[in-house]
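Sequential numbering from 7 applies to the sequence shown in the numbering used here.
The C-beta atom is built at its ideal place from N, Cα and C for all residues, glycine as well.
Just below is one structure, and these are the notes that go with it.
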Amino acid sequence: MPGRLRLPDRPGGARAPAPSARWIRRRRAAVVALTLPSLVLGGCAERESPDLASGVDVDIAASADAGAVLDRSAGTIELPIDAYFLDPAAQGRLVQANALLLDACLRESGRSYPPAELGPVPRPPLADGVYGVWTREQAARSGYELDAERTAMMRALDESVVAASRADAGWGPAFADCLESTEHLPELGRDSADAASLATTELPRRIRERARSAAESTREWAAVRARWSACLVEHGLVLRTGERSPGTPEVPVEREDAVRTALIDVGCKEETALVETLSELEARNQAALIARERTALAELAEREHAVAVRAEEILATLGE
């Protein structure tokens with residue numbers, strides 16, 4: 007199995023309304039779908055493997071050594087399928103390449119694209135919340151709220167674009183024209199949501215979903231969740247009922263109470279080894295499915311590498 011995919015070594019009037027952050031993201035996604043080079047999308051719609059059908063059992067006997075890498079300081083969980091997505095550093099360089107292309111287009115009309123001034127900053131990974139809050143640091147800092155570092159960075163980028171539009175009535179229309187006409191590379195990260203990224207990484211996403219479904223159907227999954235829920239009750243927390251997240255703690259409205267609940271939640275996860283157990287079950291199921299899809303995944307890795315090479319060409323030509 008390849009390591010996490012990374013970039014290759016570098017080669018030698020009335021004022022128009024300011025575009026909202028949502029508008030910017032939606033326009034960008036639409037443009038990517040229309041202008042992405044064929045080298046990315048070629049062959050991305052692999053035929054569905056019978057092994058990925060939801061009704062087929064996954065044999066994990068041969069993947070006993072597979073596991074997850076838990077980074078408590080970053081709050082991230084790396085599973086085998088993550089090798090087929092670009093890592094945060096690579097995504098940062100792709101984002102910068104796209105920003106430089108937009109900046110070059112806007113400069114033709116005497117304007118600029120503010121995010122291009124930041125350079126290729128690694129995108130802070132989203133704290134993994136698939137098992138809820140699970141590190142004491144995150145629980146004490148944010149409770150159950152979204153991680154502040156990633157959201158602050160994205161907010162700053164959005165605000166710089168909105169500020170440019172408000173300062174120049176022609177910036178918004180010029181930006182819209184550049185979005186339509188400028189090449190745009192997909193980020194291809196695990197959390198990337200643009201249309202081209204979703205299409206290109208369809209296979210690893212389906213593997214992740216199928217592995218999760220298979221893991222959830224095991225007795226081990228149910229047993230460790232039951233122990234965790236019992237621990238929450240023992241520490242005085244109230245559990246949710248009904249179809250949505252049954253057995254998980256009710257989150258108080260007041261921030262101080264929410265932080266206290268999150269710390270108890272994390273303590274129970276540590277006591278029962280919930281995250282370690284669930285992530286290992288997912289990892290073993292992923293490894294089994296990856297073994298059956300090696301050819302298609304190898305082709306995907308080549309397409310993602312081609313995107314990374316193109317990003318380096320842009321950075322070398324336009325400067326970082």
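Where arginine 298 and glycine 176 are concerned, what is the direct C-alpha to C-alpha distance, given to the nearest angstrom?
53 Å
Report yes or no: do the region 65 to 81 and the region 159 to 177 share at least 3 C-beta pairs separated by less than 8 Å?
no
If I'm right that tryptophan 227 touches alanine 236 with Cβ under 8 Å, what's the distance once you round it to whole angstroms?
About 15 Å separates the two Cβ atoms, so there is no contact after all.
With a floor of 4 residues, list each alpha helix (DSSP H) that falls wholly inside the region 241 to 322, ordered by position along the chain.
261 to 278 and 280 to 298
Go through its chain and collect everything with a Cβ distance to phenylalanine 91's Cβ below 7 Å, but skip five positions before and after it.
Leu11, Leu194, Gly195, Arg196, Thr207 and Pro210
Would you mind giving the Cβ-Cβ distance between leucine 324 and alanine 170, rounded to the nearest angstrom? I have them listed as a contact below 8 Å.
Going by Cβ atoms, the distance from leucine 324 to alanine 170 rounds to 19 Å, so no, they are not a contact pair.
Just curious, the alpha helix (DSSP H) that leucine 108 is in, first and last residue?
94 to 113
Exposed or buried, what is leucine 107 when buried is set at 16 or more other beta-carbons lying within 10 Å of its beta-carbon?
Buried, by the Cβ-count rule.
Is the distance from the Cβ of alanine 294 to the Cβ of serine 118 below 8 Å?
Contact annotation: alanine 294 and serine 118 have beta-carbon atoms that are not nearer than 8 Å.
From which residue to which residue does the alpha helix (DSSP H) around isoleucine 213 run?
In this chain, the alpha helix (DSSP H) harbouring isoleucine 213 covers 208 to 222.
Identify every residue that forms a DSSP beta bridge with glycine 325.
Bridge partners of glycine 325: none, in fact.
Does the distance from the C-beta atom of valine 136 to that of alanine 145 stay below 8 Å?
no
Per DSSP, cross-strand counterpart(s) of isoleucine 83
DSSP lists Leu76 as partners of isoleucine 83.
Tell me whether arginine 113 is buried or exposed, calling it buried when 16 or more other Cβ atoms sit within 10 Å of its Cβ.
Around the beta carbon of arginine 113, fewer than 16 other beta carbons sit within 10 angstroms, so the residue counts as exposed.
For aspartate 65, tell me which candidate among Glu240, Trp234, Ser223 and Arg212 has the shortest Cα-Cα distance.
Ser223
Does arginine 178 come out as helix, strand or coil in the three-state DSSP assignment?
For the sequence presented, residue 178 should be read as glycine rather than arginine. Of the three classes helix, strand and coil, the one that applies to glycine 178 here is helix, per DSSP.
Tell me the rounded alpha-carbon separation between leucine 306 and isoleucine 213.
13 Å
Verify whether the separation of the beta carbon atoms of valine 281 and proline 192 is less than 8 Å.
no
Can you name, in chain order, every residue of its own chain whose Cβ lies under 7 Å from the Cβ of glycine 149, other than the five neighbours on each side?
Arg261, Ala264, Val265 and Ala268
Assuming aspartate 134 and glycine 81 make a contact with CB atoms under 8 Å, what is their CB distance in whole Å?
Contact between aspartate 134 and glycine 81 holds: CB atoms are separated by about 6 Å, below the 8 Å threshold.
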